[in-house]
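Read top to bottom, the protein sequences are chains W and A. Offset between the first sequence (1-based) and our numbering: plus 804. Offset between the second sequence (1-based) and our numbering: plus 804. Yeah, the Cβ is synthetic: ideal placement off N, Cα and C, and Gly gets one too. All values reported here derive from a predicted model rather than from experimental measurement. Structure first, then comments.
2 protein chains.
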Amino acid sequence: MLRFILLFLLTASALHADDGYRLWLRYDRIANGELRDEYRRAASFIRYDGQGEVGMTARGELEAGLRDLLGEEVAQVSGENAGHGIYLGLRTALPRFARYLQDKAVAALGDEGYHLTYHDGDLLLIADGERGLLYGAFHLLRLLQQETPLSELNVTERPAYDYRILNHWDNLDGTVERGYAGFSIWNWHQLPEVIDRRYVDYARANASVGINGAVVTNVNANALVFRDDYLDKAAALADVFRPYGLKLYLTARFSAPLELGGLPTADPLDPAVIAWWQHKVEEIYARIPDFGGVVVKANSERQPGPREYGRTHAEGANLLADALAPHGGIVMWRAFVYTDRKDGDRFREAYDEFTPLDGQFRDNVLLQIKNGPIDFQPREPVSPLFAAMPQTPLLLELQITKEYLGQGTHLVGLASMYEEVLTTDLRPDRPGGQVHESIRGVAGVSNIGTARNWTGNLFGQADWYAFGRLSWQPTTPAREVFREWAALTFGNFPAVVEPVTQILERSYPACVNYMTPLGLHHIMATGHHYGPGPWVDDLERADWNPYYYHQATADSVGFDRTRTGSNALEQYPLSFARQYADPETCPSQFLLWFHRLPWDFPLADGNTLWQEMAVRYQRGVDTVDEMQTLWAGLENQIDPERFDQVSQHLAVQAREARWWRDACLAYFSAVSERDIPEGVPRPVRDLEHYRELDYPYAPGIRPRW
Amino acid sequence: MLRFILLFLLTASALHADDGYRLWLRYDRIANGELRDEYRRAASFIRYDGQGEVGMTARGELEAGLRDLLGEEVAQVSGENAGHGIYLGLRTALPRFARYLQDKAVAALGDEGYHLTYHDGDLLLIADGERGLLYGAFHLLRLLQQETPLSELNVTERPAYDYRILNHWDNLDGTVERGYAGFSIWNWHQLPEVIDRRYVDYARANASVGINGAVVTNVNANALVFRDDYLDKAAALADVFRPYGLKLYLTARFSAPLELGGLPTADPLDPAVIAWWQHKVEEIYARIPDFGGVVVKANSERQPGPREYGRTHAEGANLLADALAPHGGIVMWRAFVYTDRKDGDRFREAYDEFTPLDGQFRDNVLLQIKNGPIDFQPREPVSPLFAAMPQTPLLLELQITKEYLGQGTHLVGLASMYEEVLTTDLRPDRPGGQVHESIRGVAGVSNIGTARNWTGNLFGQADWYAFGRLSWQPTTPAREVFREWAALTFGNFPAVVEPVTQILERSYPACVNYMTPLGLHHIMATGHHYGPGPWVDDLERADWNPYYYHQATADSVGFDRTRTGSNALEQYPLSFARQYADPETCPSQFLLWFHRLPWDFPLADGNTLWQEMAVRYQRGVDTVDEMQTLWAGLENQIDPERFDQVSQHLAVQAREARWWRDACLAYFSAVSERDIPEGVPRPVRDLEHYRELDYPYAPGIRPRW
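Quick look at the structure:
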């Protein structure tokens, strides 16, 4: 401890340089003097003649970023200038480059796209909308941080989707459901008068990776956020977000007309209810002219919804959509619904509920679908809904917060999971069937909290970053995102970037292996979902029990979703389902998602199912050990504060990976009446020990309303 | 907003220099070059030959502080050296100065005292215990920060008390009861493996102002903290605290033997209970050899205690004291108890309960008494217990967190209140009767949370600072503490220090005036105590109702605690009580604490009671406006980030002071059937408006167990 303290004192004068707060926006001075000179020659001034709020922010970001990267101020100019500089502006405001753009055939860039190049000694950043300038400015800075030669600078980009949205599951009391990085960064009590600097830094971090919307409240919603005083608070946040091109969204509680309005019903077809929502939406737009819209979780996990009134989800969604449409707002209606029935297969429910409604939603409704059919498991097959709603705009909902993926302590590079989901082809027999081709945007459940480094686990920053980058361009390889993040976060040194990239690449398969290999799913402990609980079978609802999802007996394990079982596979296009229906051709990582198999079922590699399960649990542990070794090798190449933070979390992960392995193998070994296979260590403690562990204050507080 | 953002960007390269995290330990380079040279000549090296953990920390702090103050490294040496330097050591380890110390007749310095001087060109810091070196090092740095000439350096200090302890009301789930600076800084979930840098910075901040103990858990206690895994977590914190001379304490839940131990009783005389506690305490000391002891809130506000078993508080306290005594631990037993009876006067209860027990407590029990008899009101007469327990060691419990003093947004310099309490003379007829002379230590309910600047309101730092400094030397004038804090926090410039000191000096009387003038008390809104609620009269317990405390009617207002009423005054020494018993001589700020008076009662200044009440409410508002003006004058003399933080909070305070004034005057005007006196503005809204305001998520979360 003394060593630790003396180290802190030695670094005390640069007290917060490396606490991780700066994220990937570090802009440390470029070490390569020659390159710095090259950059300086091309950036002797910044010229921006516009007056728009977002454009001014773009200019300000460039100015501040360049000052730090180059170690000196860059002049802001207007009018004609000597020397070379950065020209920043809308295409229509830069006639001097009209010819160039024409020659290069730079097509329409939309509201958010940009063209960025090095031309005749100048740096050009040209867009057709102000937000394009902002995203282009961050792109340019990112390239300079990575020491890109100017001659290679030639970028024309437009985002794949209009909707790239963070979802905060933050409650008005400051707690965060499934939040593992402290508490909510929104201080609702002190808003609107007190503006925390963090709000600004949050908006700019989002803009820097292309995120253009934020739902600041929990999907388990509180009607109070629509009360006048709370709308004033929300408006203050929107004012902070606006210069960064970030739209504010809220969650709408379907029963708000009862709770806030004093109406006797929230029936979506009731004229008084319709009028109440119209009026409420007008109140919102009076305060927030660019309000984005609402997310709704209805008739799911005790949230109110249209079903109480015998209405469909479409009728419920359209109620809000009609109120929002005149103002340009949207409704993101969550498909994460499942009924309170004791039989059946929860896997099937969203599909069964929503596919009959395809075509019934208003144009400004987007159906927000979690990547998998159950609930953010470490690995899930993608939801069949992505191939089943051709007439409904879809949003893909991804988790960033890692409720089921190691929460605040495990290093798990989620870009790997995003990549897998986005590129899953649900119609392998014809083109256009990948998930990224069937959606109109991406929503990510935020991992951000009051932790100084934003995400608690420093590597959680990589997930925020990856979410933004893949929402912008969903076919970017995960490895590329990892490398980019590593370079921006730890410095553009191969000796650092390569090991960090390797750690990230190995981490997702590791986590799936030590938690839920071979398609095991939903076997986490109750409530907080922290740690293993495959033995749990005493919860009120059948499908809240881990046991429901594996049904292990002495003979077999797994959930039969083929024709002999729930036949959930029928919900997929045939060309996809065919492969998964046969345990011989089903990818082994999804095996127990779809098949109930004997423990001795032989796998392709010669192992039985039971042997392979044990081997994969062990492989997960081994991989975490390798990640620790890779990280340890960086000791003197990363500042001590961040190095120690990550080392401490990796130690937790290494211990908890063993906990997962030992608890799950102890349980399945007991149920299957089979010994732990050779080559895999026997669990250190007996099963009873693991069953009795309890963590009443594991983080991720549930809402109280 | 754009201006705000561009300002942020302009200061982005020094991104966190001025976010307030550094507290009063800023150590900015001394601007006066001549003085810096003088310091440098006297500090060309630091010599410390000891090996103790705390001494090493002292040396490390000096080294880091001097490096920043002087702008260059100061060598660490051992053996003989050329030039002048800092000699740091225990008296026994510095024979070369034995003669000097003898000549100066430096008496025994105890474990924590020190002698600090400039002698023959060297700086001497000499102590009889290692903690003395640490406190002396911080004292030296503080003097240098204030640009003290070396020739004036001649300090011999010992703290007034052995116990200078922060009480955190932090829950294991990360919430803080009565916390207004975010959430708990203790991440119990990730302890013991993850050590947040903030833990170290917390320990050093405490040491720098002489605080030597921290109770890290809430007095509304959770037995779980005594479970093995939580004790490991606590031990990890104790390891961080130890090098800073800070002892760790926990809160003990009286029913822990039932909840954790599975015993059928927690009867303090039951042999199994006695054995359980002995064993539990041994488990603690096995992990934390210097564990400080426990705080207990028993039989108060639904906390369990010895009464359930027909035992006295003394029997309850002695149970724990006997278990702790062999290890040197103490029990701090809170006197904040009141029964659930509907009649009587809560003011009397602690005295009635505890005075019969005087002399029955073990030597290692300290009775921890809140400053006032009710509950941390803006201004309270001091508790009569301070003059009524001659055979019992007493601790004074003060609030730092401001539950009833504006919480997280109001600037209220609590040193004024501490000074008033500490110097109150309960026996004005003879010497030795001041509160500070009757106690053995001070406990302060912490205002620290996850807010980046620790205390949410930047000026809350001044209260933490003042608590430490006055615990060390309780007769230091508040004004001196304010000046010192202002200089350390904003720089040693008269143009800054003077206005900041004035703001602080005016703030406490302002708050009392706009909240509870003339001795009004406990008229805050229910539960969270945020804002005014004098009308509340529907709570389950009579003495939870504001109405109980003022009983305003058309004729009169106030609580009669003289002989014609509850006669609580009889609990005070006669010489004190005599002055307060007569409304003509009772200090006007305490009038309604002791007297029930007609609204037309004439006061010394010629006003009626009603007129004076209105005038004081208005004066409170006016003073906040003056504070705002003083602060606004500092705009270019304080960094923009901290300047804006404080400006925003002052705006809230100015609005809320008006809210208090208007709501209370509207209410008392209605009840008394009197118009608002001339010269005071009429409330903007009608009484109903103020009664209907509600704030369900005002911060300060109550425990859930």
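To the nearest angstrom, how far is the alpha carbon of residue i from that of residue j?
{"i": "A/Asn1026", "j": "A/Gly978", "result": "13 Å"}
{"i": "W/Ile782", "j": "W/Ser988", "result": "Limits of chain W in this structure are 805 at one end and 1509 at the other, which puts residue 782 of chain W out of reach."}
{"i": "A/Ala1381", "j": "A/Leu898", "result": "53 Å"}
{"i": "W/Thr1227", "j": "W/Val1085", "result": "37 Å"}
{"i": "A/Ile969", "j": "W/Thr1279", "result": "57 Å"}
{"i": "A/Trp1137", "j": "A/Gly1109", "result": "11 Å"}
{"i": "A/Ala1455", "j": "W/Asp1005", "result": "23 Å"}
{"i": "W/His993", "j": "A/Pro1503", "result": "7 Å"}
{"i": "A/Thr1069", "j": "W/Pro1500", "result": "24 Å"}
{"i": "W/Arg1234", "j": "W/Glu1224", "result": "19 Å"}
{"i": "W/Met1193", "j": "W/Gly1264", "result": "33 Å"}
{"i": "W/Glu1344", "j": "W/Thr1330", "result": "12 Å"}
Keeping to the same chain, check which residues put their C-beta closer than 6 Å to that of residue i; ignore five residues upstream and five downstream.
{"i": "W/Ser1220", "result": "Ala1282, Tyr1312"}
{"i": "W/Arg1420", "result": "Asn1317, Pro1321"}
{"i": "W/Arg1423", "result": "Asn1317"}
{"i": "W/Ala1291", "result": "Gln950, Val1301"}
{"i": "W/Val1100", "result": "Ala1056, Trp1137"}
{"i": "A/His1240", "result": "Leu1226, Pro1278"}
Name the DSSP beta bridge partners of residue i, please?
{"i": "A/Asp1149", "result": "Partner(s): none; A/Asp1149 has no beta bridge."}
{"i": "A/Ala1247", "result": "A/Ile969, A/Glu1201"}
{"i": "W/Met1136", "result": "W/Val1099, W/Leu1170"}
{"i": "A/Pro1336", "result": "A/Met1328"}
{"i": "A/Val1532", "result": "Look at the range of chain A in this structure, 805 to 1509, and you will see that residue 1532 of chain A is not part of it."}
{"i": "W/Asp1466", "result": "According to DSSP, W/Asp1466 bridges with nothing at all."}
{"i": "W/Glu961", "result": "W/Tyr918"}
{"i": "W/Tyr852", "result": "W/Leu892"}
Specify the secondary structure class of residue i as computed by DSSP and reduced to three states.
{"i": "A/Ser1104", "result": "coil"}
{"i": "W/Thr1205", "result": "coil"}
{"i": "A/Val1099", "result": "strand"}
{"i": "W/Gly1369", "result": "coil"}
{"i": "W/Ala818", "result": "Confidence in W/Ala818 is poor, its pLDDT being 46 and thus under 50, which makes the residue's placement too unreliable to answer from."}
{"i": "A/Asp1549", "result": "With chain A running from 805 to 1509 in the structure shown, residue 1549 of chain A is simply not present."}
{"i": "W/Pro1402", "result": "strand"}
{"i": "A/Ser1360", "result": "strand"}
{"i": "W/Leu927", "result": "strand"}
{"i": "A/Thr1412", "result": "strand"}
{"i": "A/Tyr1494", "result": "helix"}
{"i": "A/Leu813", "result": "helix"}
{"i": "A/Asp1443", "result": "coil"}
For residue i, which residues in the same chain have their Cβ closer than 7 Å to its Cβ, ignoring the five residues on either side in sequence?
{"i": "W/Glu1430", "result": "Arg1310"}
{"i": "A/Ala818", "result": "Because the pLDDT at A/Ala818 is just 46, under 50, the model does not fix this residue reliably, and the value given afterwards should be weighed accordingly. None."}
{"i": "W/Leu1176", "result": "Before going on, a small fix: residue 1176 of chain W reads as Gly here, not Leu. Excluding positions up to five away in sequence, the list reads Glu1184, Pro1185, Val1186, Ser1187."}
{"i": "A/Leu793", "result": "It is not possible to answer for residue 793 of chain A, since the shown part of chain A is limited to 805 through 1509."}
{"i": "W/Tyr1353", "result": "His1325, His1326, Ile1327, Phe1363"}
Which residues in the same chain as residue i place their Cβ atom closer than 8 Å to its Cβ, once the five residues preceding and following it in sequence are excluded?
{"i": "W/Ala912", "result": "Asp932"}
{"i": "W/Ile850", "result": "Arg863, Leu866, Glu867, Leu870, Val878, Ala879, Gln880, Val881, Gly889, Ile890, Leu892"}
{"i": "W/Gly925", "result": "Arg845, Ala846, His888"}
Inset, instruction - Jot down the residue ranges of each uninterrupted beta strand (DSSP E) in the region 861-922 of chain W, minimum 3 residues, whole runs only, in chain order. - result: Fully contained in the region 861-922 of chain W are the following beta strand (DSSP E) runs of length 3 or more, in chain order: 879-881, 890-894.
Inset, instruction - Quick one: which unbroken alpha helix (DSSP H) runs of 4-plus residues sit fully inside the region 1016-1082 of chain W? Chain order, please. - result: Entirely contained in the region 1016-1082 of chain W, the alpha helix (DSSP H) runs reaching 4 residues are, in chain order, 1032-1045, 1060-1063.
Inset, instruction - Output the residue ranges of the alpha helix (DSSP H) runs that lie fully inside the region 1236-1294 of chain A and measure 4 residues or longer, sorted by chain position. - result: Qualifying alpha helix (DSSP H) stretches, in chain order: 1264-1276, 1282-1294.
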